[in-house]
Amino acid sequence: MYARVLWGKIKMGMWDEYERYYDQKIIMSTDGVKGFCGRRLLRSLENPDEGISISLWETKEDMENYVKSTQRQELARDAEKVVLRRILGQAL
204 MYARVLWGKI KMGMWDEYER YYDQKIIMST DGVKGFCGRR LLRSLENPDE
254 GISISLWETK EDMENYVKST QRQELARDAE KVVLRRILGQ AL
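The working numbering puts the first residue of the sequence shown at 204, with every later residue one more than the last.
This is how it looks when you write it as structure tokens:
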């Protein structure tokens, strides 16, 4: 199993809006995607405008195919409305 971990900083006071977007759009985007096993959004205790998104994949190839997909690219562009900075971590 592989994990894709993203750390992000949300624009000040926009966490609730991002969490709604994550729940309504991002989670649904992976339903039925080959190799997808699950995902979680975790909010920082130290900074309420920071968090981590973790998605789990059966294979590295499945994960990479999703990351490169048009669907995922469109979601990332839409999320820029509330995301201040996003740093991609390594696949684990």
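Idealized CB from N, CA, C, for every residue including glycine.
query: Check for me: the beta strand (DSSP E) holding Tyr205 runs from which residue to which?; result: 205 to 213
query: Would you mind stating whether Ile230 and Val286 have Cβ atoms separated by less than 8 Å?; result: no
query: Do Ile229 and the ligand COA come close, with the Cβ less than 7 Å from some heavy atom?; result: In the structure on display, the ligand COA does not appear, and there are no ligands present to speak of.
query: Please tell me whether Ile257 and Arg242 are closer than 8 Å, where the distance is taken between their beta carbons.; result: yes
query: Would you kindly work out how many angstroms separate the C-alpha atoms of Tyr224 and Ala282, rounded to a whole number?; result: 8 Å
query: Quick one: measure Cβ to Cβ for Leu245 and Gly254, integer angstroms, because I've assumed they're closer than 8 Å.; result: 6 Å
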